[in-house]
Structure formats: structure tokens, C-alpha cells
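Protein chains: 2
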Amino acid sequence: MKFKKLLFIGIGKFALEDSYWEKIDRLTKKKVFVDKDSAEITKELPNTDGVLVNFGVPFTKDDIDSALNLKYIGTLSTAFGKVDANYARQKGIPVCNLAGYSTESVAEFTLAAILEAIRGLETGKQRGRKLNVDESGIKAWEIKDKVFGILGLGSIGRRVAELALGFEADVRYWSKHRKKDADKRGIKYQNADSLIPLCDFISINFAQTKETEGFLNAKRINSLKKNVVVINTAPMELVDIDALIKRLAKKDITFIFDHSDETDPKDLKQLSKYPNCIIYPPMAYITGEARVIKQEMFVSNIEHFLKGTPSNEVN
Amino acid sequence: MKFKKLLFIGIGKFALEDSYWEKIDRLTKKKVFVDKDSAEITKELPNTDGVLVNFGVPFTKDDIDSALNLKYIGTLSTAFGKVDANYARQKGIPVCNLAGYSTESVAEFTLAAILEAIRGLETGKQRGRKLNVDESGIKAWEIKDKVFGILGLGSIGRRVAELALGFEADVRYWSKHRKKDADKRGIKYQNADSLIPLCDFISINFAQTKETEGFLNAKRINSLKKNVVVINTAPMELVDIDALIKRLAKKDITFIFDHSDETDPKDLKQLSKYPNCIIYPPMAYITGEARVIKQEMFVSNIEHFLKGTPSNEVN
Numbered sequence: 063m064k065f066k067k068l069l070f071i072g073i074g075k076f077a078l079e080d081s082y083w084e085k086i087d088r089l090t091k092k093k094v095f096v097d098k099d100s101a102e103i104t105k106e107l108p109n110t111d112g113v114l115v116n117f118g119v120p121f122t123k124d125d126i127d128s129a130l131n132l133k134y135i136g137t138l139s140t141a142f143g144k145v146d147a148n149y150a151r152q153k154g155i156p157v158c159n160l161a162g163y164s165t166e167s168v169a170e171f172t173l174a175a176i177l178e179a180i181r182g183l184e185t186g187k188q189r190g191r192k193l194n195v196d197e198s199g200i201k202a203w204e205i206k207d208k209v210f211g212i213l214g215l216g217s218i219g220r221r222v223a224e225l226a227l228g229f230e231a232d233v234r235y236w237s238k239h240r241k242k243d244a245d246k247r248g249i250k251y252q253n254a255d256s257l258i259p260l261c262d263f264i265s266i267n268f269a270q271t272k273e274t275e276g277f278l279n280a281k282r283i284n285s286l287k288k289n290v291v292v293i294n295t296a297p298m299e300l301v302d303i304d305a306l307i308k309r310l311a312k313k314d315i316t317f318i319f320d321h322s323d324e325t326d327p328k329d330l331k332q333l334s335k336y337p338n339c340i341i342y343p344p345m346a347y348i349t350g351e352a353r354v355i356k357q358e359m360f361v362s363n364i365e366h367f368l369k370g371t372p373s374n375e376v377n
Numbered sequence: 063m064k065f066k067k068l069l070f071i072g073i074g075k076f077a078l079e080d081s082y083w084e085k086i087d088r089l090t091k092k093k094v095f096v097d098k099d100s101a102e103i104t105k106e107l108p109n110t111d112g113v114l115v116n117f118g119v120p121f122t123k124d125d126i127d128s129a130l131n132l133k134y135i136g137t138l139s140t141a142f143g144k145v146d147a148n149y150a151r152q153k154g155i156p157v158c159n160l161a162g163y164s165t166e167s168v169a170e171f172t173l174a175a176i177l178e179a180i181r182g183l184e185t186g187k188q189r190g191r192k193l194n195v196d197e198s199g200i201k202a203w204e205i206k207d208k209v210f211g212i213l214g215l216g217s218i219g220r221r222v223a224e225l226a227l228g229f230e231a232d233v234r235y236w237s238k239h240r241k242k243d244a245d246k247r248g249i250k251y252q253n254a255d256s257l258i259p260l261c262d263f264i265s266i267n268f269a270q271t272k273e274t275e276g277f278l279n280a281k282r283i284n285s286l287k288k289n290v291v292v293i294n295t296a297p298m299e300l301v302d303i304d305a306l307i308k309r310l311a312k313k314d315i316t317f318i319f320d321h322s323d324e325t326d327p328k329d330l331k332q333l334s335k336y337p338n339c340i341i342y343p344p345m346a347y348i349t350g351e352a353r354v355i356k357q358e359m360f361v362s363n364i365e366h367f368l369k370g371t372p373s374n375e376v377n
């Protein structure tokens with residue numbers, strides 16, 4: 063069985079390597095590419111049997127209703143919040159995402175960015191490049207034996223916790239649901255408000271939902287321990303940015319994040335004024351390994367659906 | 063019991079914090095400070111009963127013979143190669159070093175510097191600072207499932223191995239002596255010449271001895287796998303620098319080191335021409351935690367000697 067027409071919304075031809083497009087060609091009679099805000103979408107939907115959307119592309123109830131022959135929705139992302147998956151379910155249409163393709167990439171980045179900050183590596187490299195071999199003034203500290211808090215113990219939070227355990231940190235977490243197997247491995251559950259003030263390191267790993275938006279509010283930001291390093295590889299919607307800026311001005315915390323492309327440019331400009339706020343482009347998820355898994359999973363989700371055994375169904 | 067005179071060679075007053083000097087004041091009647099090449103040394107030695115030397119300061123057979131009342135030699139370093147410890151032993155004088163004070167610091171730095179290199183963090187930070195939120199062109203890869211080789215499984219090598227295990231790397235080692243307990247933990251022993259070409263990451267953790275000098279020779283450097291990241295937190299005497307430069311010119315390996323202060327300035331200048339050679343000031347051992355342990359151990363070695371139970375005796 064093949065699709066009659068796969069409609070790719072916001073997914074350009076460079077999103078996948080040739081070999082993956084070749085595989086997709088064997089799964090559909092026709093491929094159509096449209097921009098995410100294109101008027102073409104409405105025209106293309108009625109006779110489309112498969113829709114593929116990129117990260118952040120909305121696919122609404124109306125879109126689903128317009129797509130009279132739709133059988134499959136695939137996302138080229140882990141997040142699928144902009145797709146009306148519940149409504150699709152009511153219509154019997156599976157939504158399949160890319161679960162966990164970047165878990166290792168994001169978790170290793172988390173440790174990388176923390177270590178970079180606490181070892182003065184940028185200063186060190188710059189000195190070394192200029193043949194300045196003086197280490198004086200470079201402050202450094204260790205992860206071992208420190209309190210390392212994870213907020214949100216999904217797959218990425220769990221992997222960050224494992225890496226921190228490898229460093230023999232005192233790893234604790236708060237998550238909506240307590241996970242017994244984590245406790246068994248020495249990843250200790252603790253109420254968020256009592257945990258946050260104790261932490262030397264905090265990794266924010268919530269998915270963005272209505273419950274988690276603004277989670278790191280003014281009260282929690284004010285309760286942060288002096289010299290804490292906080293890293294957020296999740297959207298900045300989880301953080302009260304005004305309160306964060308006030309705390310950064312005290313120069314007694316380090317805050318690292320990488321969802322800078324989705325952060326309000328005015329906020330971003332404000333944040334960039336503080337040397338203790340380390341801003342990365344969205345690069346936590348970009349390892350070569352993650353890129354391979356992402357493409358493989360995207361194609362295999364389509365294949366599995368055609369075989370009648372959908373994979374990574376989220377609805 | 064107290065010392066009559068402690069002679070500090072190459073150890074300035076800023077080497078320790080006040081609280082540690084206060085402790086030392088309770089252990090000796092007098093403190094004398096001299097530079098390492100000072101002519102004063104000969105004058106001071108005959109009536110000195112304790113000598114303390116900084117890292118790299120020579121203390122020879124002749125010096126020991128001149129110090130007619132010498133009872134104790136302490137080093138403000140882990141390495142003690144420039145002290146004639148064997149001769150001191152013959153004369154019944156213990157040499158006490160600072161064993162392992164920087165193990166965690168150096169091991170965490172090793173992972174930090176590797177992750178910095180494989181995640182493009184310097185480029186990322188620079189872009190973020192300029193509000194450039196484009197991640198394109200930043201290459202990144204992961205440690206998980208890669209072959210991570212440790213050359214020299216002493217205390218630092220062992221700790222690097224443990225951290226790499228936390229990342230679920232395939233951790234292997236070569237060391238002069240096979241360590242059964244390492245094998246049990248999944249740190250696999252392998253002959254150096256068969257191991258080196260397999261590695262995606264290599265950490266060099268030998269102490270510098272006549273046997274290890276030049277260990278990473280031209281043949282071994284040529285056998286390195288493409289895209290390997292090699293980090294040497296030990297002296298560069300372990301590496302054939304001419305052969306390294308030839309290989310760096312091929313742009314297919316990354317080499318990181320931090321003993322730049324002891325590297326021949328001509329070699330250093332040559333090495334600095336290659337962007338794939340990352341040169342740090344000597345900063346692997348500098349964490350605040352290591353500095354505290356270092357000072358505590360230095361003072362407690364003196365205390366233990368006076369109590370008749372010398373600690374960290376190396377001879």
C-alpha cells in the first residue's frame with residue numbers, strides 16, 4: 063500500500079537527506095511541498111491522504127475537517143502541541159511524532175554547557191590561542207557531591223539525571239508524577255519548592271504545557287541558591303523572564319538556555335546584557351546521531367502506518 | 063613537637079590562604095621563604111629541619127647532603143620527580159606529596175573539554191552573545207556508545223573512565239598493570255597499539271616517567287582514527303610533537319592539552335596554528351575544591367609527620 067499524496071507543510075527538501083526522500087518516494091505516489099502559511103494548503107488538503115508537519119506548524123480542527131481523505135499525520139518533531147491530536151483521534155486519524163530522537167543529544171549538551179560554564183573554558187581557549195598560558199583568575203568548581211536538581215523527569219530529564227549520577231552528584235528531581243524506579247537508582251524525589259533553594263545545579267526539562275508555563279516564577283527565582291547554575295533546554299515560556307533579569311542583575315546565579323530562536327527578541331536583548339546569562343542558538347538537539355535517528359524515525363513512522371502497525375502514535 | 067625552621071622553596075606567601083599559614087605557624091618556630099634558584103638556599107639548608115618545595119622545584123642529593131639536620135621534605139604538588147626521594151630514603155628522610163588532590167578536578171575537566179569541543183560551544187556562545195540564534199553549521203556529536211580509551215589507569219585515569227561509563231561509552235584502557243577491579247566494572251583492558259586506532263576519544267593519563275616519555279609516538283599518532291578527540295592533561299613530553307603537528311595539518315583529529323606552560327614555546331607556537339589543536343592554560347587542576355584539599359593535605363602532611371605518623375610518604 064502507498065499514499066496517494068503526502069503533503070509536507072513547512073518541511074523543505076533539505077530537511078532530509080536524499081536517501082530518506084528515496085525511501086519516502088517508495089511509500090507515496092506523489093509529494094507536495096508547501097510553506098506553513100501558504101494559501102496552497104487549503105487547496106491541497108481535500109485529496110491528501112497523509113500530512114507531514116514540521117516543528118511548530120499548526121494543524122487545526124478546521125484543517126482536519128478540510129482534509130476529507132486524511133489517514134495519517136506525522137510530525138518532524140517530538141513536540142506536537144500545535145496539532146489538534148485529540149480531534150484527529152475522534153476522526154480516527156493517528157498522529158505520529160518523533161519520540162525521544164534527541165534525548166541523548168540534549169542530555170549531553172546539558173552537561174556540556176554546565177561544565178563549560180563552571181570551568182571557564184571559553185576564557186581558557188582564548189588565552190591558549192594567544193599563547194597566554196596563565197590560568198590565574200579562572201574560577202572553576204566541580205559537580206561531584208553537589209545538589210543537582212532536575213525539574214521534569216521525562217526521557218531527557220531522566221538521562222540528565224543519569225549523567226549527573228555518573229559525576230556522583232546528589233541528584234534530586236521533581237516531576238508531576240513520582241517515578242519509583244528513579245528513586246531506586248538514587249534519583250531522589252523532592253517537592254519543587256523545597257528542592258529549588260538547595261540546588262547547586264538545576265536542569266529544567268519540562269515539556270511546555272499550560273501547567274508548566276511560568277513554572278520558574280519570581281518566588282522560585284528569588285529562592286535560588288547563590289552561585290547556582292540553571293540550564294533550561296526547554297522553551298523560555300517556563301520562566302518568568304522579568305524576575306530572571308532582576309536576579310541576573312545581582313550577579314549571583316548563572317542561567318543558560320538554548321531556545322533563543324523562540325524567545326521574544328526584546329527579552330533576548332535584555333538577557334544578553336548579563337554575562338552570567340549564557341545564550342546559545344537552539345543547538346542542544348543537533349548532534350549528527352540525533353539527525354540520523356530523526357530522519358529514520360520520520361520515515362519509519364510512515365512505513366509502519368502503511369503496514370497497519372503505527373509507531374509513535376501520540377493520540 | 064615543632065619544627066625549628068621550615069624552609070619554603072619556590073612557595074610564596076600567596077600559595078596558601080591565611081588560615082593554613084596560621085596552622086603552620088603552630089607547627090614551626092620559624093618560617094623562611096626563598097625563591098627556587100636563590101643562592102640563599104645553600105645558606106639556609108644546614109640548620110633547616112623541614113623543607114617544603116613547590117611543583118617542579120629540584121631538591122637534589124647535594125641539597126640533602128647540605129641539610130645536615132633535615133627530617134622532612136614536603137611537596138606542594140602530586141608530582142615529586144625533581145626531588146631525589148630515593149636518596150632521602152637512604153638518609154631516613156620521608157618525602158610526602160599531595161596524592162590525588164586534583165583527581166576530581168582533572169577528570170571533570172577532561173570531560174568538560176571534550177564536550178566543549180564536540181558541541182561547538184565556543185561558537186554557540188559567541189553567536190548567542192551577538193543575538194545570532196542560528197545553529198546552522200555547528201557540528202556536534204555524542205559520547206554515548208563511542209569507544210573511549212584511557213591511557214594510564216592511575217587515580218585520574220580511573221575517574222575519567224568512571225565518568226565516561228556514566229555517558230555509556232565503550233570504555234577501554236591500557237595501563238602498565240592490568241587492574242582486575244576495573245575490568246569488573248566494564249572498563250576493558252586492551253593492548254595500547256590495538257586500542258588506539260579504535261578510539262573515538264582518548265584521554266592520556268600517564269605520569270611522566272622515562273617509560274612514558276614519547277609514548278604517543280609517530281606510529282601511534284598516524285594510527286589514530288579519523289575525527290578522534292585526544293586530550294592530554296599530562297605533560298606534553300608524552301607526545302611526539304613533530305608527528306602531532308603533521309597529523310594536525312591533515313585536519314582529521316582534534317588534540318586538546320593544558321600543560322601549555324611547560325611546553326617548549328616554539329612547539330606551542332607551532333601547535334597554536336591549528337584550530338584543531340585546543341590549547342588551555344594549566345587549568346585542569348584548578349577547581350576551588352581541589353585548592354582546598356591541596357592546602358589541607360599540605361598542612362596535614364606536616365602535622366602527621368610531627369605526630370610520628372607521616373602521611374602520603376612516597377619513598
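For the record, the sequence lines run as chains A and B. In my numbering, each residue carries its 1-based index in the first sequence increased by 62. In my numbering, each residue carries its 1-based index in the second sequence increased by 62. Note that CB positions come from ideal geometry on N, CA and C, so glycine has one too.
Closer than 8 Å to chain A by CB, residue i
| i | result |
| --- | --- |
| glutamate 197 of chain B | yes |
| isoleucine 200 of chain B | yes |
| aspartate 314 of chain B | no |
Neighbour list for residue i in chain B, Cβ cutoff strictly below 8 Å
| i | result |
| --- | --- |
| phenylalanine 229 of chain A | Glu170, Leu225 and Gly228 |
| leucine 330 of chain A | Leu193 and Val195 |
| serine 167 of chain A | Ala202 and Glu204 |
Neighbour flag for residue i against chain C, beta carbons, 8 Å
| i | result |
| --- | --- |
| methionine 298 of chain A | Note that chain C does not occur in the displayed structure, where the protein chains are A and B. |
Residue-chain proximity (residue i, chain B), Cβ-Cβ < 8 Å
| i | result |
| --- | --- |
| isoleucine 340 of chain A | yes |
| glutamate 358 of chain A | no |
| glycine 350 of chain A | yes |
| serine 322 of chain A | yes |
Contacts of residue i in chain A (Cβ-Cβ under 7 Å)
| i | result |
| --- | --- |
| serine 334 of chain B | Arg191 and Leu193 |
| alanine 174 of chain B | Leu177, Glu178, Arg181 and Leu183 |
| glycine 186 of chain B | Tyr342, Pro343 and Met345 |
| serine 100 of chain B | Correct list: empty, because the minimum Cβ distance to chain A is about 23 Å. |
Within chain B, partners of residue i - CB distance below 9 Å
| i | result |
| --- | --- |
| alanine 311 of chain A | Those within 9 Å of alanine 311 of chain A in chain B number zero; the least Cβ separation is about 17 Å. |
Inter-residue Cα distance where the pair is residue i and residue j
| i | j | result |
| --- | --- | --- |
| phenylalanine 210 of chain A | leucine 278 of chain B | 37 Å |
| isoleucine 283 of chain A | serine 237 of chain A | 18 Å |
| glutamate 358 of chain A | isoleucine 86 of chain A | 11 Å |
| proline 259 of chain A | leucine 306 of chain B | 48 Å |
| glycine 112 of chain B | asparagine 194 of chain B | 59 Å |
| phenylalanine 171 of chain B | arginine 191 of chain B | 24 Å |
| aspartate 304 of chain A | methionine 298 of chain A | 12 Å |
| threonine 165 of chain A | threonine 271 of chain B | 42 Å |
| cysteine 261 of chain A | aspartate 97 of chain A | 44 Å |
| alanine 21 of chain A | leucine 215 of chain A | What is shown of chain A runs 63 to 377, which leaves residue 21 of chain A out entirely. |
| glycine 143 of chain B | proline 120 of chain B | 8 Å |
| leucine 130 of chain A | asparagine 109 of chain A | 7 Å |
| arginine 353 of chain B | isoleucine 126 of chain B | 29 Å |
| lysine 123 of chain B | serine 373 of chain B | 23 Å |
| lysine 313 of chain B | glycine 350 of chain B | 35 Å |
Identity of the residues DSSP links to residue i by a beta bridge
| i | result |
| --- | --- |
| tyrosine 235 of chain B | B:Ile212 and B:Tyr251 |
| glutamate 375 of chain A | A:Cys158 |
| serine 265 of chain A | A:Ile212 and A:Ile293 |
| asparagine 116 of chain A | A:Leu138 |
| valine 94 of chain B | B:Leu69 |
| valine 145 of chain A | A:Phe121 |
| threonine 316 of chain A | A:Val291 |
| leucine 300 of chain B | Leucine 300 of chain B pairs with nothing; no bridge assigned. |
| leucine 278 of chain B | B:Val301 |
Heavy atom of the ligand ADP within 7 Å of residue i beta-carbon
| i | result |
| --- | --- |
| serine 265 of chain B | For the ligand ADP, the structure offers nothing, since it holds no ligand at all. |
Exercise for the section: Please list the segments of the beta strand (DSSP E) lying wholly inside the stretch 317-373 of chain B, counting only runs of 3 or more residues, in order along the chain. Expected result: 339-341
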